[in-house]
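As numbered in our numbering, residues 734 to 997 make up the sequence shown, in order.
Quick reminder that beta carbons are idealized off the backbone N, C-alpha and C, glycines included.
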Amino acid sequence: MNNLPQLRSINVTRYIAPLREGGSLPALSEADDDFKYVLKFKGAGHGVKALIAELLGGEIARTLGLRIPELVFAHLSEDFGRTEADEEIQDLLQGSQGLNLALHFLSGAINFDPVVTNVDAELASQIVWLDAFVTNVDRTFRNTNMMIWHKELWLIDHGASFYFHHSFSNWENHAKSPFALIKDHVLLPKASLLEETDRAFKTLLTQEKIKAIVNLIPEEWLHWEESDESPEAIKNVYFDFLTTRLAHSEIFIKEAQNARQKSI
Numbered sequence: 734m735n736n737l738p739q740l741r742s743i744n745v746t747r748y749i750a751p752l753r754e755g756g757s758l759p760a761l762s763e764a765d766d767d768f769k770y771v772l773k774f775k776g777a778g779h780g781v782k783a784l785i786a787e788l789l790g791g792e793i794a795r796t797l798g799l800r801i802p803e804l805v806f807a808h809l810s811e812d813f814g815r816t817e818a819d820e821e822i823q824d825l826l827q828g829s830q831g832l833n834l835a836l837h838f839l840s841g842a843i844n845f846d847p848v849v850t851n852v853d854a855e856l857a858s859q860i861v862w863l864d865a866f867v868t869n870v871d872r873t874f875r876n877t878n879m880m881i882w883h884k885e886l887w888l889i890d891h892g893a894s895f896y897f898h899h900s901f902s903n904w905e906n907h908a909k910s911p912f913a914l915i916k917d918h919v920l921l922p923k924a925s926l927l928e929e930t931d932r933a934f935k936t937l938l939t940q941e942k943i944k945a946i947v948n949l950i951p952e953e954w955l956h957w958e959e960s961d962e963s964p965e966a967i968k969n970v971y972f973d974f975l976t977t978r979l980a981h982s983e984i985f986i987k988e989a990q991n992a993r994q995k996s997i
């Protein structure tokens, strides 16, 4: 049985509403499979790089056994959004024709509140490890990017991960960085099992799995104006970044442990 990651593709049929204020303007939308999705646009904010981060971060989380809504490739047709009255949204839709990314909408989910919901040490350590690994600058008290759905914790929004790719230089240095921003992680005080998590996750994230996740990135998202690299070369950088970072995980584990000691 092939258990390597795969994504379905959908066609967006209806723009329902923007979900929150901000540069990315994700939207609640409906697709031709009659499900609702949170649609992330390649024409917004950091463009395709945010979608790549969302895709890689989300599928790594899923491979590690963490709960994340299903990710799908979402196609916007050329005529989509022409009747939208809001000019900003119309420009966003027109600039996002082609392949985008969407997450299955968790109807009835509520935002995670660390004061209300207790997270055990094992799960907290797993999420902190993930975010240190993919250099996710979100998941703070201000913006937890977690939801409670059917009494379970779900992770959303990994678009701020892999921040090295916005300059796409010195990836080796970034791969071995301690990631000092982990000090602001909302679950860090609970993450007392980072070494145990590290051992377990290293057995799950094989090179084959990492390669399969990276290979999910559509070629359409890999033609960057600021880079002369080919799509295949860009994929290789993501693969090398992840495998190098995994091989040197003790660097970001130590940083997280030291930050945790200062926070408790």
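Using a Cβ distance threshold of 8 angstroms, Lys916 and Ala992 count as a contacting pair.
The beta-bridge partner set that DSSP reports for Gly831 consists of Leu809. Nearest in C-alpha terms to Leu836, of all of Gln823, Phe774, Gly798, is Phe774.
Taking C-beta atoms as the reference points, Ala764 and Ala794 fail to come closer than 8 angstroms. Counting the other CB atoms within 10 Å of its CB gives Ala750 a total below 16, which places it among the exposed residues. In this structure the stretch 873-881 does not touch the stretch 778-789; the number of beta carbon pairs closer than 8 angstroms is below three. When secondary structure is reduced to three states using DSSP, Trp904 falls in the helix class. Counting along the chain, no alpha helix (DSSP H) covers Arg741; the unbroken beta strand (DSSP E) around it starts and ends at 741-751. Short of 8 angstroms from the beta carbon of Pro847, and not among the five residues preceding or following it, lie these beta carbons of its own chain, in chain order: Phe874, Thr877, Val919, Leu920.
In the structure shown, Thr868 adopts coil according to DSSP, grouped into three states. By the criterion of at least three beta-carbon pairs nearer than 8 angstroms, the stretch 957-975 is not in contact with the stretch 819-829. Within the stretch 768-800, the complete alpha helix (DSSP H) segments of 4 residues or longer fall at 781-796, listed in chain order.
Shown here for Phe972: same chain residues with a beta carbon closer than 7 angstroms to its own, the five before and five after excluded, namely Ile943, Lys944, Val947 in chain order.
Residue ranges of uninterrupted beta strand (DSSP E) with 3 or more members, entirely inside the stretch 875-922 and ordered along the chain, are 879-882, 885-888.
For Ala980, the enclosing alpha helix (DSSP H) starts and ends at 964-980. Contact between Ser858 and Leu927 holds, since their C-beta atoms are separated by about 5 angstroms, short of 8 angstroms.
Between Phe838 and Leu761, the CB-CB gap stays under 8 angstroms. Shown here, Asn844 sits in a strand according to DSSP, grouped into three states.
Excluding its 5 nearest sequence neighbours in each direction, Thr796 has C-beta neighbours in its own chain below 8 angstroms: Pro738, Leu937, Leu938, Lys942, Ile946, listed in chain order. Leaving aside the five residues that flank Ile860 on each side, the residues in its chain whose CB is nearer than 6 angstroms to its CB run, in chain order, Leu920. According to DSSP, residue pairing for Leu761 in a beta bridge involves Ala750, Val771.
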